[in-house]
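Asks: Structure provided below as structure tokens; questions to follow.
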Amino acid sequence: MAIPFEIAPLDDGVTAPWGFTAAGVTAGLKASGRPDLAIVATDTPVTAAAVLTTNQVKAAPVVVTAEHLAASGGRARAVLLNAGSANACTGLEGLATAREACDLVAHHLGCDAHEVLICSTGVIGVPIDRPAYLAGIPKVVAAAAPEGGADAAEAIMTTDLVAKEAAVHVTDAEGGSATVGGMCKGSGMIAPTMATMLCVVTTDAPLEGEEAAAILRRATDRTFNRISVDGVMSTNDTIVLLASGTAVTPPDADAVEAGITAVLGDLATQVVRDGEGAQRLVRITVRGALAEDDALAVARQVGTDDLVKTAVAGGDPNWGRIIAAVGASPVLIDPGSVDIAVGDVTVCTGGMAAPFDRAAAEAVMAADEVQVTIDLGLGDAEATFLTCDLTHGYITINAEYTT
-18 MAIPFEIAPL
-8 DDGVTAPWGF
2 TAAGVTAGLK
12 ASGRPDLAIV
22 ATDTPVTAAA
32 VLTTNQVKAA
42 PVVVTAEHLA
52 ASGGRARAVL
62 LNAGSANACT
72 GLEGLATARE
82 ACDLVAHHLG
92 CDAHEVLICS
102 TGVIGVPIDR
112 PAYLAGIPKV
122 VAAAAPEGGA
132 DAAEAIMTTD
142 LVAKEAAVHV
152 TDAEGGSATV
162 GGMCKGSGMI
172 APTMATMLCV
182 VTTDAPLEGE
192 EAAAILRRAT
202 DRTFNRISVD
212 GVMSTNDTIV
222 LLASGTAVTP
232 PDADAVEAGI
242 TAVLGDLATQ
252 VVRDGEGAQR
262 LVRITVRGAL
272 AEDDALAVAR
282 QVGTDDLVKT
292 AVAGGDPNWG
302 RIIAAVGASP
312 VLIDPGSVDI
322 AVGDVTVCTG
332 GMAAPFDRAA
342 AEAVMAADEV
352 QVTIDLGLGD
362 AEATFLTCDL
372 THGYITINAE
382 YTT
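If you're matching positions, the sequence shown starts at -18 in the working numbering and goes up one per residue.
See the structure below:
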């Protein structure tokens, strides 16, 4: 059967679709003096949707973004992002600062304040340096340009070791095409039930409010909701989708959704690869489940288990830790039907030890990318979850985070 669309990766980021500009500048919010303020903008209002943290403690920017999307009817001109302060647990002052920042962006763009969305990342509970933050806004707005995507991606980094960008060109069977681009930041506090730390994804495809929100939710569920670095949910998690509708011959909605999912999947993988202190990416595939949700629940349980993650850090093919995590999931299993493999080495059959070449299994566990496959032997459904190993480096980074 013919593939209904084709997806080609592009060497670009959030400004890959025509009509989007971006910038990253130094406002003085990071003690390091590195860039810390970014913007993604358009010349006219475009369709906007967001997926926001489900943490009950929500940062001021998350609250303001939700308010603005509701007030604007899902339209936006810009997303303002900063690193160096989460502006979370900062009370009414934090809300006032976020709203004033949106007002200032709107003033310089000549739009309504409700058409400005806002994101922040950094230490929780520390008020943002308001004068420096606001003084940087005219600078970042003026710097926005089609070639500014890489600068924006760099400016939102915190403990990230690398900036994270992705883009694709998608074409459907009828010749319609569109471009999708994106950037994100994230390295620690990654166990989303919605998104990563911060992400902006753009497209020139035409999408309307409810359609855009539904596509973003589904794409997020299949990408950022299937990763973990440390099992910790942030107060600031935000994904924003901006759709300009400027594509001359746009593809069908399925192709657009595939392109958005591809970009988010690429970015999500980059987040796990750059996990704080991480040495190895781990792909956990659970097969033989009765339903995909069951497979995902088991994979998530294994992928967030500290003993499994430390075993990977040590290159130890300790399948006992894996099967114990499988049994700790909320999914009803038959322990006697469980098979486990690391790479192509089967280490457990029918819930018991399989004869295996330990040196071969250790070689698999020592690779930069480790595949763990778990077969529940119950059905035909499967799901994959991404995580990383848990190392001494993670402890060092977070033990000294505010010092």
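In this text, a Cβ means the ideal position worked out from N, Cα and C, and glycines have one as well.
This structure is a prediction, so every number in the text was calculated from the model and none was measured.
Provide the residue span of the alpha helix (DSSP H) that contains residue 145, from first to last.
Replies: Here the question's residue 145 lines up with position 164 in the sequence shown. Residue 145 -> not in any alpha helix (DSSP H); beta strand (DSSP E) instead, spanning 145 to 153.
Asks: Using C-beta distances below 6 Å, list every residue in its chain close to residue 76, excluding the 5 sequence neighbours before and after it, in chain order.
Replies: Locating residue 76 in the sequence shown gives position 95, where the first residue counts as 1. Only 41 meet the Cβ criterion.
Asks: Under 8 Å, with one C-beta from each stretch per pair, do the stretch 243 to 252 and the stretch 266 to 277 reach the 3-pair mark?
Replies: Verdict: no, contact absent.
Asks: Terminal residues of the continuous alpha helix (DSSP H) containing residue 282?
Replies: Residue numbering aside, residue 282 sits at position 301 when the sequence shown is read from its first letter. From DSSP, the alpha helix (DSSP H) with residue 282 extends over 273 to 284.
Asks: Excluding the five sequence neighbours on either side, which residues of its own chain have a C-beta within less than 6 Å of the C-beta of residue 334, listed in chain order?
Replies: For this step, residue 334 is matched to residue 353 along the sequence shown. Closer than 6 Å at Cβ, skipping near neighbours: no residue.
Asks: Near residue 47, which residues of its chain fall below 7 Å by C-beta distance, leaving aside the five closest residues on each side in sequence?
Replies: Here residue 47 refers to the residue found at position 66 when the sequence shown is read from its first residue. Closer than 7 Å at Cβ, skipping near neighbours: 33.
Asks: Specify, as a first and last residue, the run of the alpha helix (DSSP H) that residue 241 falls within.
Replies: Working through the sequence shown from its first residue, we reach residue 241 at position 260. Counting along the chain, the alpha helix (DSSP H) containing residue 241 begins and ends at 234 to 254.
Asks: Taking all protein chains shown into account, decide if residue 339 is buried (16 or more other Cβ within 10 angstroms of its Cβ) or exposed.
Replies: Taking the first residue of the sequence shown as position 1, residue 339 is located at position 358. Exposed.
Asks: Can you name the residues that DSSP bridges to residue 1?
Replies: Taking the sequence shown and counting its residues from 1, one reaches residue 1 at position 20. Residue 1 is bridged to 23.
Asks: Taking just the CA atoms, how far does residue 219 sit from residue 105?
Replies: Locating residue 105 in the sequence shown gives position 124, counting from the first residue. Locating residue 219 in the sequence shown gives position 238, counting from the first residue. Taking the straight line joining both Cα atoms gives about 15 Å.
Asks: Could you check if residue 13 is buried or exposed, using at least 16 other CB atoms within 10 Å of its CB as the buried criterion?
Replies: On the sequence shown, residue 13 is found 32 positions in, with the first residue counted as 1. Classification of residue 13: exposed, given that the 10 Å Cβ count is below 16.
Asks: Alpha carbon to alpha carbon, how far is residue 263 from residue 100?
Replies: On the sequence shown, residue 263 is found 282 positions in, with the first residue counted as 1. On the sequence shown, residue 100 is found 119 positions in, with the first residue counted as 1. About 29 Å.
Asks: DSSP three-state call for residue 125: helix, strand or coil?
Replies: What you label residue 125 is simply residue 144 of the sequence shown in a count that begins at 1. Reduced to three states, the DSSP call for residue 125 is coil.
Asks: What's the gap between the Cα of residue 121 and the Cα of residue 90?
Replies: In the sequence shown, the residue the question calls residue 121 occupies position 140. In the sequence shown, the residue the question calls residue 90 occupies position 109. If I take the Cα positions, the gap works out to 11 Å.
Asks: In this structure, what does DSSP give as the bridge partners for residue 320?
Replies: Residue numbering aside, residue 320 sits at position 339 when the sequence shown is read from its first letter. Per DSSP, 356.
Asks: Starting from residue 346, trace the alpha helix (DSSP H) both ways and give me its first and last residue.
Replies: The residue given as residue 346 occupies position 365 in the sequence shown. Segment 339 to 346, the alpha helix (DSSP H) holding residue 346.
Asks: Are the CB atoms of residue 140 and residue 425 within a distance shorter than 8 Å?
Replies: Residue 425 lies beyond the range of the chain shown here (-18 to 384); nothing can be said about it.
Asks: Where do the N-terminal and C-terminal ends of the alpha helix (DSSP H) with residue 56 fall, by residue?
Replies: Walking along the sequence shown from the start, residue 56 turns up at place 75. Counting along the chain, residue 56 falls outside any alpha helix (DSSP H), though it belongs to the beta strand (DSSP E) covering 56 to 64.
Asks: What would DSSP say about residue 179, mapped onto helix, strand or coil?
Replies: Working through the sequence shown from its first residue, we reach residue 179 at position 198. Of the three classes helix, strand and coil, the one that applies to residue 179 here is strand, per DSSP.
Asks: Closer than 8 Å is the cut-off here; do at least three beta carbon pairs connect the stretch 143 to 157 with the stretch 24 to 33?
Replies: Contact between the stretch 143 to 157 and the stretch 24 to 33 is absent, because fewer than three Cβ pairs lie under 8 Å.
Asks: Which residues bound the beta strand (DSSP E) around residue 363?
Replies: The residue given as residue 363 occupies position 382 in the sequence shown. Unbroken beta strand (DSSP E) run through residue 363: 362 to 369.
Asks: So, is residue -1 buried or exposed, given that buried needs 16 or more other C-beta atoms within 10 angstroms?
Replies: Indexing the sequence shown from 1 puts residue -1 at position 18. The residue is exposed, with fewer than 16 neighbouring Cβ atoms inside 10 Å.
Asks: Out of curiosity, what's the CA-to-CA distance linking residue 352 and residue 329?
Replies: Locating residue 352 in the sequence shown gives position 371, counting from the first residue. Locating residue 329 in the sequence shown gives position 348, counting from the first residue. Residue 352 and residue 329: Cα-Cα distance of roughly 15 Å.
Asks: Reducing DSSP to helix, strand and coil, say where residue -9 ends up.
Replies: Mapped onto the sequence shown, residue -9 falls at position 10. Three-state DSSP puts residue -9 in coil, outside helix and strand.
Asks: Assuming residue 50 contacts residue 31 (C-beta within less than 8 Å), just tell me the rounded distance between them.
Replies: For the purposes of this step, residue 50 is taken as residue 69 along the sequence shown, with counting starting at 1. For the purposes of this step, residue 31 is taken as residue 50 along the sequence shown, with counting starting at 1. Contact flag correct, Cβ pair sits at about 6 Å.
Asks: What do you get for residue 207, buried or exposed, if any count of 16 or more other CB atoms within 10 angstroms of its CB means buried?
Replies: Taking the first residue of the sequence shown as position 1, residue 207 is located at position 226. Counting Cβ neighbours within 10 Å, residue 207 comes out buried, since at least 16 surround it.
Asks: Please identify the residue among 315, 343 and 216 whose C-alpha is closest to the C-alpha of residue 331.
Replies: Along the sequence shown, read from residue 1 onward, the residue named residue 331 stands at position 350. The option with the nearest alpha carbon to residue 331 is 315.
Asks: If you draw a straight line from the alpha carbon of residue 176 to that of residue 64, how long is it in whole angstroms?
Replies: Translated into positions along the sequence shown, residue 176 becomes position 195. Translated into positions along the sequence shown, residue 64 becomes position 83. Note on residue 176: pLDDT 45, under 50, position unreliable in the model; the coordinate value appears next. Cα to Cα, the separation comes out at about 17 Å.
Asks: Give me the residue from 202, 130, 236 and 82 with the minimum Cα distance to residue 113.
Replies: Here residue 113 refers to the residue found at position 132 when the sequence shown is read from its first residue. Nearest C-alpha to residue 113: 82.
Asks: Enumerate in chain order the residues of its own chain whose CB-to-CB distance from residue 200 is below 7 Å, with the five nearest sequence positions on each side excluded.
Replies: For this step, residue 200 is matched to residue 219 along the sequence shown. Excluding positions up to five away in sequence, the list reads 238, 241, 242 and 245.
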